[in-house]
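S.K.:
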Amino acid sequence: MPELPETETIARDLDRAVAGAVVSGVTVTHADVLRETTPADLAVRLVAARIRRSWRRAKLIVLDLSTAEHLVVQPRFTGALLVDSGALALAERRYTALALHFVDGRTLHYRDIRRLGTVALMGPDRFATYTAGIGPEPLDPTFTADALRTVLSRSGQAVKKVLMNQRQVAGVGNIYATESLWRAGIDPSRSARRVAAAEAQALRRALIDVLSEAIEARGTSFRDYRDAHGERGSFGDHLAAYGRAGLPCPRCQSRLVGTHAVDGRMTVFCPRCQR
DNA sequence: AGGGGAACCCGTACGC
DNA sequence: TGCGTACGGGTTCCCC
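The opening position of the first sequence corresponds to residue 49 in our numbering, with each subsequent residue numbered one higher.
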């Protein structure tokens, strides 16, 4: 389940690997991952295009093309982008849904075991509209405490749910919402608009710190996540709350509680130091 | 507006 | 051993 740090890791690795590569062909083996395009249309629009760069927006990997179009990959749970220079094992290619072949002989696989992930091809206008609907990037300088407070004040929903809503804040999912709320000492179920200014400031700090540290660690490998080299991230060793229900809170030693009460998603928090 | 539920998909875990 | 079924998980969409 790649969130912001995992997606950032993939996008950076991919940028090093395939920026400048020119597409020579496209193979679609599972068309159901495609959005806003078809296999035939994809081939027409991608062949001869050069990949300008690979970057991240929210939990999306965006490949900018020389045609001014954008290939937008949303890996969801099991999606992965793997660069094959000829050494990729057959088992790794088994779940390829889409492959871009490059003039230099390499292949970029979009592999997705459960195929809930998506790949869309968007023109510049469509891409602009699409990204305009996504909330601010937490690591952007414009994501100030005031900006976060404005977002939170607009909703009476649980603060954790608001953090995870991509229209409100970009790139934050269950792991990093859980961790940042633990660090900020805020109960995940508390109404967003009841988060005070000082708390919003602490929450902003916690989000930025947690996400930055996780990028440094190349992400958290829970279940299937692997980076573009097939490697795991190491931030899992630093999680204080996520996945630790029943274990002692690292801050106050109280027993961490796991609940599905917020948005039907597993939430772990410390009932003593998160209020 | 906000809440609930379904759909998307298939490996994994489990029951028999 | 094998077959059948429930489950999870982020996002979107639909309905109340």
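Where is the CB? At the ideal position from N, CA and C, for every residue including glycine.
To the nearest angstrom, report how far apart Val131 and Ala225 are at their CA atoms.
M.R.: About 31 angstroms.
S.K.: Are the beta-carbon atoms belonging to Leu200 and Ala248 less than 9 angstroms from one another?
M.R.: yes
S.K.: Considering only their Cβ atoms, is the gap separating Ala106 from Glu185 smaller than 9 angstroms?
M.R.: yes
S.K.: Of the choices Arg292, Tyr143, Ala137, whose alpha-carbon is the least far from that of Ile161?
M.R.: Of Arg292, Tyr143, Ala137, the residue nearest in Cα terms is Tyr143.
S.K.: Keeping to the same chain, check which residues put their C-beta closer than 7 angstroms to that of Glu51; ignore five residues upstream and five downstream.
M.R.: Lys107, Gly219, Val220, Gly221, Ile223, Tyr224
S.K.: Any idea what DSSP makes of Phe412, helix, strand or coil?
M.R.: Given a span of 49 to 323 for the chain in the structure shown, any question on residue 412 remains unanswerable.
S.K.: Which one of Leu255, Arg238, Asp257 has the shortest CA to CA distance from Pro319?
M.R.: Arg238
S.K.: Helix, strand or coil for Ile263, going by three-state DSSP, please let me know.
M.R.: helix
S.K.: For the alpha helix (DSSP H) that contains Met212, what are its first and last residues?
M.R.: Met212 -> alpha helix (DSSP H) spans 207-212.
S.K.: Measure from the alpha carbon of Leu129 to the alpha carbon of each residue in Thr57, Trp230, Val310, then state which is nearest.
M.R.: Ranking the options by Cα distance to Leu129, first place goes to Thr57.
S.K.: Is DSSP giving Ile99 helix, strand or coil here?
M.R.: Collapsing the DSSP output to three states places Ile99 in a strand.
S.K.: Pull up the distance between the alpha-carbon of Met314 and that of Gln122, whole angstroms please.
M.R.: 22 angstroms
S.K.: Should His286 go down as buried or exposed, given a rule of 16 or more other Cβ atoms within 10 Å for buried?
M.R.: exposed
S.K.: Whose C-alpha, out of Lys208, Ala250, Leu119, is nearest the C-alpha of Ala176?
M.R.: Leu119
S.K.: Please classify Arg159: is it buried, with 16 or more other beta-carbons within 10 angstroms of its beta-carbon, or exposed?
M.R.: Buried, because 16 or more other Cβ atoms sit within 10 Å of the Cβ of Arg159.
S.K.: Determine the direct distance from the alpha carbon of Leu113 to that of Ala91, and round the result to whole angstroms.
M.R.: 13 angstroms
S.K.: Tell me which residue opens and which closes the alpha helix (DSSP H) that Ile182 is part of.
M.R.: Looking at the DSSP string, Ile182 is not in any alpha helix (DSSP H), and its letter there is neither H nor E.
S.K.: Check each candidate in Leu82, Asn213, Ile234 and name the one with the smallest Cα separation from Cys321.
M.R.: Ile234
S.K.: How would you write the range of the alpha helix (DSSP H) that Asp80 sits in, first residue to last?
M.R.: Where Asp80 is concerned, there is no enclosing alpha helix (DSSP H), given that its DSSP letter is neither H nor E.
S.K.: If you compare alpha carbons, which of Val258, Gly127, Ala244 is closest to Thr166?
M.R.: Gly127
S.K.: Starting from His149, follow its DSSP beta bridges and name the residues at the other end.
M.R.: Gly73, Thr155
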